[in-house]
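Student:
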Amino acid sequence: MRSAEVHPLDGSLYVPFSLGCIPIESPIRKWLIKVVSPGSRFDSFILFMIILNSLLMTFVDYRYISDDYQPVSEVSWRNRTVETAEYIFLAIFFVECVSKIIAFGFIRGRHAYLRTSWNVFDFITLVIR
Numbered sequence: 599m600r601s602a603e604v605h606p607l608d609g610s611l612y613v614p615f616s617l618g619c620i621p622i623e624s625p626i627r628k629w630l631i632k633v634v635s636p637g638s639r640f641d642s643f644i645l646f647m648i649i650l651n652s653l654l655m656t657f658v659d660y661r662y663i664s665d666d667y668q669p670v671s672e673v674s675w676r677n678r679t680v681e682t683a684e685y686i687f688l689a690i691f692f693v694e695c696v697s698k699i700i701a702f703g704f705i706r707g708r709h710a711y712l713r714t715s716w717n718v719f720d721f722i723t724l725v726i727r
């Protein structure tokens, strides 16, 4: 097993192998670190997607619900739109999660994905969706 020693990249410290198999020297990992680092445009894009998703959830038409109080999309274009958009947002947030895990590692290392409380919250939300 490889040690959790750290390597500098752009002034930060990352484990040498993300997920135990993707080296820090990998061009894809280097690119992902630059793209998904805090304060990047990607970070702003994800924040915008969270706000947009939250706003879209308010458009559910509760006049059309099933017996278990779930919105029915067959008779309401608004519910159909919200349901379709949820799959799009799920895909966007899944790509964010995977990108950050590849860039920073999952658990091991100082900057690992699950070392940030917001990422833990995002991961749990994504898994239970």
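The sequence shown maps to residues 599 to 727 in our numbering.
The beta-carbon is built from N, C-alpha and C at its ideal position, and this holds for glycine as well.
#1: Excluding five sequence neighbours on each side, which residues of the same chain lie with their C-beta closer than 7 Å to the C-beta of Ser624?
#2: Looking only at its chain, what residues have a beta carbon closer than 8 Å to the beta carbon of Ala602, apart from the 5 residues adjacent to it on each side?
#3: So, at 8 Å on beta carbons, what are the nonlocal neighbours of Met647 in its own chain, with the 5 sequence-adjacent residues on each side left out?
#4: Under 7 Å Cβ to Cβ from Phe704, same chain only, skipping five residues before and after it: list those, please.
#5: What does Ser616 pair with, by DSSP beta-bridge criteria?
Tutor: Straight from the coordinates:
#1: Here residue 624 is taken as the residue at index 26 of the sequence shown, counted from 1. Nothing meets the Cβ criterion.
#2: For the purposes of this step, residue 602 is taken as the residue at position 4 of the sequence shown. Caution is warranted here: a pLDDT of 45 is assigned to Ala602, below 50, making its placement in the model unreliable, and no coordinate value can be reported.
#3: Start at 1 with the first residue of the sequence shown, and residue 647 comes out as number 49. Excluding sequence neighbours, Met647 sits near Phe687, Ile690, Phe691.
#4: Mapped onto the sequence shown, residue 704 falls at position 106. Here the set comprises Leu617, Ala710, Tyr711, Leu712.
#5: Taking the sequence shown and counting its residues from 1, one reaches residue 616 at position 18. In DSSP, Ser616 forms a bridge with Ile620.
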